[in-house]
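As you go down the protein sequences, you meet chains A and B in turn.
Under the working numbering, the letters of the first sequence match residues 5 to 307, in that order.
Under the working numbering, the letters of the second sequence match residues -13 to 492, in that order.
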Amino acid sequence: MAGFVLIVIAAFFFPGIILRTKSIASGRKGPGILQPVKDIIVLLKKGSVFSTTTGLIFQIAPAVTLVSVICAMLLLPFAEQRALLSFEGDFVLFAYLLALGKFFTVIAALDTGSSFEGMGASREAFFSLLVEPAFFILLATFAMFTGYTSFSVIFNQFFITGNDYVMIYSIIGVYLFIQIAMVENSRVPIDDPKTHLELTMIHEVMILDYSGFDKALIHIGTYLKFALYGSLIYNLIVPAGWNIFLQTGLFLAVQAFFAVVIGLAESFRARNKMNKNPKFILTLSAIAWIAFTVILILTDKLV
Amino acid sequence: MNQHTYTEVNNGSAPVPVRSTPVLSYGHFYDEVTKLLGSASNHCISYYCHDLSDRLKFICCIADDETGSIKVLSHEKKADGTPLRSLTVDCPSVHIFEREIHENFGVVFEGHPWLKPVRYPHDRADRLSVMDNYPFYIIDGEELHEVGVGPVHAGVIEPGHFRFICNGEKVLHLEIQLGYQHRGVERMLAEKSEALQRCILAENIAGDTATGHNLAHVQLIESLAGIEVYEALQIERCIALEMERIAVHIGDTAALCGDVAYQLGQVTCEALRTMVINTTQSWCGNRFGKGLIRPGGSNYPLTGEMADEILGNLADVERRYSNVTDCIYSLPSVLGRFEDIGTVTRQQATEIGAVGMTARTCGIMRDTRKTHPFQHYKNFQIDPVTLETGDVLARGMLRALEVKASAGIIRGLIDAWRKAEKTVGKPDYDLRLIPDSFAVSMTEGWRGEICHTAVTDSMGNISHYKVKDPSLHNWLALALAVRNQEISDFPVCNKSFNLSYCGHDL
C-alpha cells in the first residue's frame, strides 16, 4: 500500500521537476513545481468537446488508459512489503496492462479519422512493438537472476542472492528502464512533448482531439506512468531490507533524480530523426539480450 | 539592334520614359526572353501585365548579374482571350509570373504545365475559381495517402495549406496552396496618393521584412522623382537593412533548434535576437525598423551615441551567437537532423529561378547587394557567402555566416558614416514623380531579392505598382526539397526556408 501511495505522491511533483530542470538549464526562472498539477485541476473543472466523427471508443479511451496505469501500479512492491497484487509471472500482466492503455489510445486516435492522428497512431504502435522485447528480455534476466517471476519476490531477492554481479545488473536495469520510460512516455529523443508541429508528433498528435476532463485523465495517466517507471528504477537501486523511513526518503529522492535526469537530457540534445527511432529502440533490446545471455552463462543454463 | 528590342535600366537609377521601351510582337518577345534567360547570368526579376483598358501591356524585367543592368522588354495584346505560347516551357523560372498573369487577366498560356490560382485577388479573371475548388494534383494508389495541413496551423504562423501525398512516412509530392493573406497591397500602393501612407503600406507587405520592402519602395519613389539622397542617409539605410538581416537570421536559428527540440540553442538565440531588435528599437522606436526609412530624409538620423550603442551590442551579440552556433553545428544529434535533409540541387534552384538564401546555399552567387548594388553598397565591397550542399544544414550555416558577415558590414558602414558629411534632412512626402516613366528598384532583404516596379501616368501619379517578394520564387524550392523526405522532416525544412506567406499573397 505504501508503494502505491508513494507513486501517487511522486507523480504530483514529477512533471514539475522536469519542467523546472529544463527552465533552469536554459537560464529561465520557470513555473512552480506544482504548475502541471494546477493545470490538471483547471482541466478537470472543464467539460469535454467531442468531434462528431468520433464514437464510444474515443470517449472511453482516456478512462481505460488511466485505469490500466493504476492497475499496473498495484503490481509494484515497495521495501519489504509485497505489492497489493502479486503472483507468479505478474510482470507479464504489468506489461500488457500498459499495452492495453496504449491500445485504447491508438484506436481512439484512429476513431477521429484525422490523417495526423492516424500517422501518430501508426508510429506509436510501431515503436511500442519494438520496445516490448527490451522490457521482457530485461525482466526475464531478472527472473533468471533471482529465480522468481513475480515483481514482489524479484525485487525482494535482488540484493540478497549473493551474486557478485548484482551492481552491474542494477546499472543495466536502471539504464534500460530510463530509456524504456523515455519511449513509453514519448520524451526526447524519441518524441518531443513540447512541439506544436503535428507532422513530427508521435504521442501528442494522438491526443490532439481531447479536451477538458478527458485531457486531464490522459495527463494524470502520463504522470503516474513516469512515477511507475521511477518506482521500478528505485527497486533496482535500494535493497528491500532497509529501514522503511529511510526507504521512503530515498524513494522520493530517486524519483526526483529521475525527473532531473530527464530534464537535463531534454535540454542539451535534439530529438532523433523519425527513421532513427527504430534503431535506437532496438539497441535497447540488444543491450537487454546481452545481459540475458550473460546471466544464462553465469547460472550455467547455457551449455 | 538592342535599342529596338529592350531598354536598359539600373537598379534605383533615374526612370526611363515608358515610350522608350519598344513594344515587340509576342513572337519576337518570346525569342528575346528565351535568348536572354538562356544565359546563366540572367534571371527574370519580374514579369507582369497591366490593363490599359483597351489592351494588356506586358512588362518583363530581366536582371543581368554580371553587368548589373536590368533589361526591360515589353509586348502588348488585346484582351480577347487568344492564347499565348507559354514561356515556361523553355524558361521554367517564369512559371509563377505566367500563373499570376493568367489568374489576374485570364490570359491563357499554351503549354504551361501548372496554370493554377496563385492568390485569389478580388478582381481576378475567373471569379468561379475559389479556395475550395483549387485543382490539387492527385496520385492514385492503394498505398498512398494524403495529409492536409492548414490553412490554420498549430503555433503562431501565417495561414497556408499544404497537401502531402505520402507513401507511409515518405513524401512523394507536396502542393502548397496560398492566398489566404491577400490584402490587395499592389492596388493600394498605386491608389494611395500620400507618400506616408504608401511607406506604411510597404512596411507591412511582410512584417518580418519591414526594412527590406520599405527600402525598395522608398528607393523606387526617389528614383521616379529623379532624386538621389545624401550619403549619410544611404549608409544609415544599409545599416538598418543589415540589422534586420542579423535579427531574423538569429531568430530563424532559434526556430530551427526549436523544431528539433534542442532547447539550449533555441532559448539562447531567442534572447540574442531580442538584443538586436531592441537595438533597432532604441534607434527608431520600433523593433522591426518601421518608421525608419522615409523618402528624401529620416526622422531618426543616426547619432554618434546610437552608432556606439549599435557597435557595442553587435560585438556582444556576434561573440555570443558565434559561441552558440559553434555548439549547435557540432552537436551530433542536431547535425543528424539537419544534414542531407531537404536538399535543393543547384540545377533545381537554377531552373525555378531561386533567389536569396535558397540560391546561395546551392552555390549560386545571387545577391543584389553585389550584383545590382543600391544605396551605399555601390561604394562598398560585399563578399556574399555561398555554400554548396543546399540542405537544411547549409541554410542554417548560411545564416550563421551571414550574421558574421553582416556584423562586419555594419562596422564598415559605421566607419564610412563617421567620415561622411553629416547632412540631416527631414522626410519629403511631397516628391513630384516624373510623368510617363518606369522605374525598377531592387533590394536584398534577408530572404533575398525584393523587386518593386512602378509606372507613372501623364499626371505623375502611380498608375501601376508591382511588388515581388523573394518567396514568390522560393516556395517551389520548398515543395521540391521535401520530395522523398520523411514527412516528419517537413517542419524543419519549412523553417529552414522560412518563406513569407503574406509576401507571396500581397
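The beta carbon of each residue, even a glycine, is placed where N, CA and C say it ideally should be.
A quick note: this is a predicted structure, and the numbers were derived from the prediction, not measured.
For residue i, which of helix, strand or coil comes out of DSSP?
i          : result
B:Tyr(-8)  : coil
B:Gln471   : coil
A:Gly253   : helix
B:Gly283   : strand
B:Met(-13) : Caution is warranted here: a pLDDT of 43 is assigned to B:Met(-13), below 50, making its placement in the model unreliable, and no coordinate value can be reported.
B:Asn365   : helix
B:Glu96    : strand
B:Leu321   : helix
B:Gln163   : strand
B:Thr375   : coil
B:Leu10    : strand
B:Tyr33    : strand
A:Lys310   : The structure shown does not extend to residue 310 of chain A, since chain A is modelled only from 5 through 307, so no value can be given for it.
A:Ile206   : coil
B:Asn28    : strand
A:Val187   : helix
B:Val71    : One point to set straight first is that residue 71 of chain B is Arg, not Val, in the sequence displayed. Residue state, collapsed to three classes: strand.
A:Phe82    : strand
B:Arg544   : The displayed coordinates of chain B run from -13 to 492. Any statement about residue 544 of chain B would go beyond what the structure contains.
A:Asn239   : helix
B:Lys178   : coil
A:Ala292   : helix
A:Lys33    : coil
B:Val116   : coil
B:Ile448   : strand
B:Pro3     : strand
Going by DSSP, name the residue or residues bridged to residue i.
i        : result
B:Leu59  : B:Cys46
B:Val330 : Answer is none; B:Val330 lacks a bridge partner.
B:His438 : B:Ser427 and B:Val453
B:Asn153 : B:Leu130 and B:Lys156
B:Cys479 : Per DSSP, none; premise fails for B:Cys479.
A:Ile158 : According to DSSP, A:Ile158 bridges with nothing at all.
B:His147 : B:Gln163
B:Asn276 : In the sequence as presented, Asn is not what sits at residue 276 of chain B; that position holds Lys. Bridge partners of B:Lys276: none, in fact.
B:Arg41  : B:Lys64
Closest by CA to residue i, which one among the options?
i        : options                                   : result
A:Cys75  : A:Ile64, A:Phe62 and A:Asp94              : A:Asp94
A:Thr150 : A:Ser132, A:Ala290, A:Leu133 and A:Tyr169 : A:Tyr169
A:Met171 : A:Ile11, A:Ile64, A:Pro243 and A:Leu203   : A:Pro243
B:Glu180 : B:Ile207, B:Ala202 and B:Glu407           : B:Ile207
B:Cys46  : B:Leu70, B:Val234, B:Val19 and B:Thr53    : B:Val19
B:Leu210 : B:Val371, B:Asn(-3), B:Ser457 and B:Leu42 : B:Asn(-3)
B:Thr526 : B:Gly349, B:Arg184, B:Lys454 and B:Glu155 : Because chain B is modelled from -13 through 492, residue 526 of chain B falls outside the range shown and cannot be assessed.
B:His131 : A:Glu136, A:Asp213 and A:Phe120           : A:Phe120
B:Gly13  : B:Lys63, B:Pro1, B:Arg41 and B:Arg5       : B:Lys63
A:Val258 : A:Gly20, A:Met148, A:Ala231 and A:Gln85   : A:Ala231
B:Ile296 : B:Ser268, B:Ile213 and B:Ala345           : B:Ser268
A:Phe163 : A:Phe146, A:Tyr179, A:Thr153 and A:Ser154 : A:Phe146
A:Val12  : A:Phe91, A:Ile22 and A:Val73              : A:Val73
B:Leu300 : B:Ala391, B:Thr344, B:Asp245 and B:Lys364 : B:Ala391
A:Val308 : A:Arg127, A:Pro137 and A:Leu23            : For residue 308 of chain A there is no data in the structure shown, the boundaries of chain A being 5 and 307.
B:His36  : B:Thr442, B:Gly489, B:Ala463 and B:His490 : B:Thr442
B:Leu492 : B:Gly298, B:Glu189, B:Cys152 and B:Asp17  : B:Glu189
For the segment 179 to 199 of chain A, list every residue whose C-beta sits within 8 Å of some C-beta in chain B, in sequence order. Taking 8 Å as the upper bound on Cβ-Cβ separation, chain B lies near residues Val192, Pro193, Asp196, Lys198 and Thr199 of the segment 179 to 199 of chain A.
Could you tell me whether the segment 387 to 405 of chain B touches the segment 297 to 306 of chain A, where touching means 3 or more Cβ pairs closer than 8 Å? Cβ pair count under 8 Å is below three, so no.
For the segment 245 to 275 of chain B, list every residue whose C-beta sits within 7 Å of some C-beta in chain A, in sequence order. Result list: Asp245, Val246, Ala247, Tyr248, Gln249, Leu250 and Val253.
Decide yes or no for the touch test of the segment 411 to 419 of chain B against the segment 274 to 287 of chain B: beta carbon pairs closer than 8 Å, at least 3 of them. A contact exists between the segment 411 to 419 of chain B and the segment 274 to 287 of chain B.
How about the segment 44 to 55 of chain A and the segment 220 to 230 of chain A: do they share at least three Cβ pairs that are nearer than 8 Å? In short, these stretches touch, since the Cβ pair count reaches three.
For the segment 261 to 272 of chain A, which residues have a CB atom closer than 8 Å to at least one CB atom of chain B, in sequence order? Residues passing the 8 Å Cβ filter: Glu270, Ser271 and Phe272.
Residues in the segment 20 to 36 of chain A having any Cβ partner in chain B nearer than 9 Å: When CB distances to chain B are screened at a threshold of 9 Å, the residues of the segment 20 to 36 of chain A falling below it are Lys26, Ala29, Ser30, Gly31 and Arg32, in chain order.
For the segment 72 to 98 of chain A, which residues have a beta carbon sitting closer than 8 Å to at least one beta carbon of chain B? Nothing from the segment 72 to 98 of chain A brings a Cβ to less than 8 Å from some Cβ of chain B.
Contact the segment 469 to 481 of chain B vs the segment 348 to 355 of chain B: 3+ CB pairs below 8 Å: No, they do not touch.
Decide yes or no for the touch test of the segment 49 to 68 of chain B against the segment 2 to 10 of chain B: beta carbon pairs closer than 8 Å, at least 3 of them. Enough Cβ pairs lie closer than 8 Å, so yes.
Counting Cβ pairs closer than 8 Å, one from the segment 373 to 389 of chain B and one from the segment 167 to 180 of chain B, do we hit at least three? With a cut-off of 8 Å on Cβ pairs, the segment 373 to 389 of chain B is not in contact with the segment 167 to 180 of chain B, counting fewer than three such pairs.
Near-chain B residues of the segment 280 to 300 of chain A - C-beta to any C-beta below 9 Å: Answer in chain order: Lys280.
Between the segment 70 to 87 of chain B and the segment 116 to 123 of chain B, do three or more beta carbon pairs fall short of 8 Å? No: the two stretches stay apart, fewer than three of their Cβ pairs being nearer than 8 Å.
Touch check for the segment 264 to 279 of chain A and the segment 248 to 258 of chain B: three-plus C-beta pairs under 8 Å? A contact is defined here as three or more CB-CB pairs under 8 Å, and the segment 264 to 279 of chain A meets this definition with respect to the segment 248 to 258 of chain B.
So, does the segment 416 to 425 of chain B touch the segment 300 to 312 of chain B, judging by three or more C-beta pairs under 8 Å? The segment 416 to 425 of chain B is not in contact with the segment 300 to 312 of chain B.
Using a Cβ-Cβ cut-off of less than 8 Å, give me the residues of the segment 219 to 244 of chain A that come near chain B, in sequence order. None of the residues of the segment 219 to 244 of chain A has a beta carbon lying less than 8 Å from any beta carbon of chain B.
At least 3 beta-carbon pairs within less than 8 Å: the segment 84 to 92 of chain A vs the segment 104 to 119 of chain A: Proximity of the segment 84 to 92 of chain A to the segment 104 to 119 of chain A falls short of the contact definition, fewer than three beta-carbon pairs being nearer than 8 Å.
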